[in-house]
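Top line first, the protein sequences correspond to chains A and B.
Residues in the first sequence are numbered consecutively from 2, following our numbering.
Residues in the second sequence are numbered consecutively from 377, following our numbering.
Note that beta-carbon positions come from the ideal geometry of N, C-alpha and C, so glycine has one too.
All of these numbers come straight from a predicted model, not from anything done at the bench.
Below: one structure, written as structure tokens.
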Amino acid sequence: MDKILRINMGADGGPAINAEPVGDYAGSGGRGLTSAIVSKEVPPLCHPLGEDNKLVIAPGMLSGSTAAMSGRLSVGCKSPLTGGIKEANAGGQPSQMLGRLGYAAIVLEGLPQGHTLYKILINKDGVEITDAGSLKGLGNYDTVDKMKAEHGEKISCISIGQAGEMKLAGASIACTDMELRPTRHAGRGGVGAVMGSKGVKVIVIDDAGMKMRQPQDPDKFKEANKEWVAGLKKHPVSGEGLPAYGTNVLTNVINEAGAYPTKNFMWGRFDNCNKISGETQAETEEARGGKGAATHGCHRGCIIRCSGTYYNKDGQYLTKQPEYETVWAHGGNCGIDDLDAIAMMDRLDDDYGLDTIEMGATIAVAMEAGVAEFGDAEAAIRLIKEVGEGTPLGRILGSGAAVTGKVFGVERVPVVKGQSMPAYDPRGVMGIGVTYATTTMGADHTAGYAVASNIMGVGGSVDPLKPEGQIELSRNLQIATAAVDATGMCLFVAFPVLDQPETFQALIDLINAFYGLSLTADDVTALGKSILTNEREFNLAAGLSSKHDRLPEYFKKEKLPPHNITFQVKDEDLDKVFNW
Amino acid sequence: MGSPNAGLPILHTLIEIEYRIMKLSIVITAELLPRFFRLLEQGFFVSTTTGCSIKDLLCKQLSIDEEYLDKRIQTLFLDGKPVDKVEKAYLHNDATLALSGAMPGLVGATLRKGGTFASMRNTISYKVETSVNGDGEARVKLKLFNMVLKELGPVFLESGIWIQSHNFSDFISRNLEDLKPACDSVDLNDQKMDVAALAGMTWDDTELFLKVTTEVSS
Numbered sequence: 002m003d004k005i006l007r008i009n010m011g012a013d014g015g016p017a018i019n020a021e022p023v024g025d026y027a028g029s030g031g032r033g034l035t036s037a038i039v040s041k042e043v044p045p046l047c048h049p050l051g052e053d054n055k056l057v058i059a060p061g062m063l064s065g066s067t068a069a070m071s072g073r074l075s076v077g078c079k080s081p082l083t084g085g086i087k088e089a090n091a092g093g094q095p096s097q098m099l100g101r102l103g104y105a106a107i108v109l110e111g112l113p114q115g116h117t118l119y120k121i122l123i124n125k126d127g128v129e130i131t132d133a134g135s136l137k138g139l140g141n142y143d144t145v146d147k148m149k150a151e152h153g154e155k156i157s158c159i160s161i162g163q164a165g166e167m168k169l170a171g172a173s174i175a176c177t178d179m180e181l182r183p184t185r186h187a188g189r190g191g192v193g194a195v196m197g198s199k200g201v202k203v204i205v206i207d208d209a210g211m212k213m214r215q216p217q218d219p220d221k222f223k224e225a226n227k228e229w230v231a232g233l234k235k236h237p238v239s240g241e242g243l244p245a246y247g248t249n250v251l252t253n254v255i256n257e258a259g260a261y262p263t264k265n266f267m268w269g270r271f272d273n274c275n276k277i278s279g280e281t282q283a284e285t286e287e288a289r290g291g292k293g294a295a296t297h298g299c300h301r302g303c304i305i306r307c308s309g310t311y312y313n314k315d316g317q318y319l320t321k322q323p324e325y326e327t328v329w330a331h332g333g334n335c336g337i338d339d340l341d342a343i344a345m346m347d348r349l350d351d352d353y354g355l356d357t358i359e360m361g362a363t364i365a366v367a368m369e370a371g372v373a374e375f376g377d378a379e380a381a382i383r384l385i386k387e388v389g390e391g392t393p394l395g396r397i398l399g400s401g402a403a404v405t406g407k408v409f410g411v412e413r414v415p416v417v418k419g420q421s422m423p424a425y426d427p428r429g430v431m432g433i434g435v436t437y438a439t440t441t442m443g444a445d446h447t448a449g450y451a452v453a454s455n456i457m458g459v460g461g462s463v464d465p466l467k468p469e470g471q472i473e474l475s476r477n478l479q480i481a482t483a484a485v486d487a488t489g490m491c492l493f494v495a496f497p498v499l500d501q502p503e504t505f506q507a508l509i510d511l512i513n514a515f516y517g518l519s520l521t522a523d524d525v526t527a528l529g530k531s532i533l534t535n536e537r538e539f540n541l542a543a544g545l546s547s548k549h550d551r552l553p554e555y556f557k558k559e560k561l562p563p564h565n566i567t568f569q570v571k572d573e574d575l576d577k578v579f580n581w
Numbered sequence: 377m378g379s380p381n382a383g384l385p386i387l388h389t390l391i392e393i394e395y396r397i398m399k400l401s402i403v404i405t406a407e408l409l410p411r412f413f414r415l416l417e418q419g420f421f422v423s424t425t426t427g428c429s430i431k432d433l434l435c436k437q438l439s440i441d442e443e444y445l446d447k448r449i450q451t452l453f454l455d456g457k458p459v460d461k462v463e464k465a466y467l468h469n470d471a472t473l474a475l476s477g478a479m480p481g482l483v484g485a486t487l488r489k490g491g492t493f494a495s496m497r498n499t500i501s502y503k504v505e506t507s508v509n510g511d512g513e514a515r516v517k518l519k520l521f522n523m524v525l526k527e528l529g530p531v532f533l534e535s536g537i538w539i540q541s542h543n544f545s546d547f548i549s550r551n552l553e554d555l556k557p558a559c560d561s562v563d564l565n566d567q568k569m570d571v572a573a574l575a576g577m578t579w580d581d582t583e584l585f586l587k588v589t590t591e592v593s594s
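Here is the structure:
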């Protein structure tokens, strides 16, 4: 991946294409690259939908190679939702294909003149940009169907739906999966709105004629990959739980822990959670779609296969297996216990191009405001359709939970830096609350993932029972996560890497064998730190200070049943997370 | 690692409901057995003594292999509190014990017994505050999730479980159409009946003793 594709959407005479060497960005990938480019090239005070913002789409360092699990794509920009730096991450096929075509990143710059919508085609012969007016107003599914008809079935697509065209702050960017369906989303932070502001409806990627990226040391790479795959397969989480039940395996467990945010974070338990559990969902999928329906990989090279396929009662495809976050956001958080309704909402989110977490949290805030009743699935579906149709109410809802709360006068809005909290109540698991508060991304559950244990000193040197221990843990986890995000690896490698030192070593060996390096765990830590430093500095310059590294006040006052606890980590301790 | 419970044959499981202590026996095809797992997710009752440790309940009383407990039951909750040491977590009357495999994600890792990130949920972790008197009887609700449900579910259904009638009533009404062709026989307190009749019955807020038998697929 030796080139960066820059497209100036606002050039005189139409979008101007320039493929340049990676230069100073060499050796970087994924979140490392998106954050480096955004922090260096985007003025922190620019308007997120203005000409100075940039949308950076970057495969990971190992994407396009035969390394298992390496197909994640990073999308970076200044976020219209948080006002700070954003990296959103998606699975699907585009990352592998862009890697094989040799692109370390696509950078969309400037603003198109007028309201023209464009299609970008990238293949081995180069790049072509054409008018996409015929796609205007289409959902992601119809858009991809048209691209399939035009370019065949071996392509992948990166696209926006109506939400992105409307530049709504809850808009996502869709990536197609192995079945060429727009089901994998760079969801968080309104990245779809930025793509919409750049006037790009769809990027079609065709890597026909390209080969897998070759490692510097093929023998060592092969050996490391073998060890890597063995480690992932033997671990009970990555080898059994996720393939069998998907991420929704968490519903019963988080609910049992009393940390399952229910009805807009009012309670920590949802009484009907086993109607929407991963176990129930897997059984439903297999009953309707046959054995294996609940096991599916989102990109070629994925061996964990945590996704699945959801069919309606008539046995027809409806949507990909809804993730834990989606089932929670549209389910328990809204008081809804109907899996079919939740699956329909997932389909609508994917089609309109909306972040399911933000959308679900927003609907729950709207329910608290009385716009609909908690538990009313039909009303929730109607509200999502209002977003897709661009009604005034829909535009409010599509702008996220913070805006919706403000419009309807709701105090209890579960956001940090304007972004909605995901499916774990921070009063139940305070460590995740530290991460929600302090990550550069806004409330985000993946920014502080577990990657390594003693090897990276993730446990830290401070007594873990003291508040400082939680701070140190969150800091080290954020560092480790940032490093993993740079490789293109799926974050679900975390558990086997955490438990099995030889699997973590295999990951480092993969990188070293591919690039001809001699990285150690300390180097990986340094990589993570440098990414976070870039992001943190950008946010400070954008006006996000320590006062934004806080949970909403009501989390400190309102006790969460069943444990009846509040968030207890002190502000001065939160301010220590980035002390290094 | 040993099988979860090597002692019990897994060929037949009868749903038995005793009338008055309702005892229902159903013989079904193996393919439909997992439907009954929902009842185990919701919880079933076992009797033990107060002060019994989780380890003693599972291994000594319920004959779960110690290695299985150690390696497969990676996440446990006692009254919603994550448990780190099963030999030092004690049961009381009306306790709820939930068993799960290892969970993904950071929060999943945080909830794991004795895990590296346990401190991140310190405020909800199980802590032994006082010693528990070991003289009395205790009725404990046991819930099984994910891989543990899949692996131990058939064993418990075969042995028989106590469940709340309203859960069974709900279960029957939701699954009746699929159960009809799959049921070989239904016995209610030693009286044969049609499975459809179960849906028409009025279930008191009582408990059932339930066993499930599957026909061996030939």
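Distance, residue j Cα to residue i Cα
i, j, result
"B/V462", "B/E442", "11 Å"
"B/L408", "B/A558", "7 Å"
"B/F420", "B/F532", "10 Å"
"B/I404", "B/L586", "13 Å"
"A/G93", "B/K464", "45 Å"
"A/D572", "A/R551", "7 Å"
"A/R428", "A/K168", "33 Å"
"A/T392", "A/G354", "16 Å"
"A/C78", "A/E538", "14 Å"
"B/P385", "B/S439", "Interpretation of B/P385 is limited by its pLDDT of 38, a score under 50 that renders its predicted location unreliable; the figure taken from the coordinates is listed afterwards. When rounded, the distance between both Cα atoms is 13 Å."
"A/Q569", "A/M431", "8 Å"
"B/E417", "B/Q567", "28 Å"
"B/I402", "B/D560", "7 Å"
"A/G309", "A/N141", "19 Å"
"A/S96", "A/G65", "7 Å"
"A/N535", "A/M442", "12 Å"
"B/M377", "B/R448", "With a pLDDT of 38 at B/M377, under the threshold of 50, the predicted position of this residue should be treated as unreliable, though the coordinate-derived value follows. The alpha-carbon atoms of B/M377 and B/R448 are separated by roughly 9 Å."
N- and C-terminal bounds of the alpha helix (DSSP H) containing residue i
i, result
"A/P393", "393-398"
"A/N226", "219-235"
"B/N522", "522-535"
"A/D347", "340-353"
"B/E597", "As shown, chain B starts at 377 and ends at 594. That puts residue 597 of chain B outside it, with no answer to give."
"A/A283", "279-290"
Same chain, Cβ closer than 7 Å to residue i, neighbours up to 5 away in sequence not counted
i, result
"B/D581", "S541, H542"
"A/A507", "A225, E228, W229, G232"
"B/R414", "F547"
Under 9 Å between C-beta atoms of residue i and residue j
i, j, result
"A/D574", "A/I433", "no"
"A/V205", "A/L6", "no"
"A/G336", "A/T263", "yes"
"A/G188", "A/A59", "no"
"A/D486", "A/G31", "yes"
"A/A342", "A/E284", "no"
"A/I509", "A/V525", "yes"
"B/V516", "B/S429", "no"
Residue i, enclosing beta strand (DSSP E) - first and last residue
i, result
"B/K560", "The sequence given here places Asp at residue 560 of chain B; Lys does not occur at that position. Unbroken beta strand (DSSP E) run through B/D560: 559-564."
"A/V108", "104-110"
"A/I121", "119-124"
"A/P113", "It is not in any beta strand (DSSP E) - A/P113 carries neither H nor E in the DSSP assignment."
"B/M398", "398-405"
8 Å CB neighbourhood of residue i in its chain, flanking five on each side removed
i, result
"B/Q450", "S476, G477, A478, M479, R488, K489"
"A/M10", "P16, L109, E110, G111, L112, P113, Y119, K199, G200, V201"
6 Å Cβ shell around residue i - same chain, five flanking residues per side excluded
i, result
"A/S278", "T252, N253"
Any 3 or more C-beta pairs closer than 8 Å across the region 462-475 of chain B and the region 538-553 of chain B: no
So, does the region 200-217 of chain A touch the region 237-255 of chain A, judging by three or more C-beta pairs under 8 Å? no
Using 8 Å as the Cβ pair cut-off and three pairs as the minimum, do the region 11-22 of chain A and the region 62-72 of chain A touch? no
Are the region 360-367 of chain A and the region 283-298 of chain A touching by the rule of at least three beta carbon pairs closer than 8 Å? no
Quick check: the region 32-41 of chain A against the region 153-162 of chain A, are there 3 or more CB pairs under 8 Å? no
Is the region 390-410 of chain A touching the region 167-187 of chain A in the sense that three or more CB pairs, one from each, lie closer than 8 Å? yes
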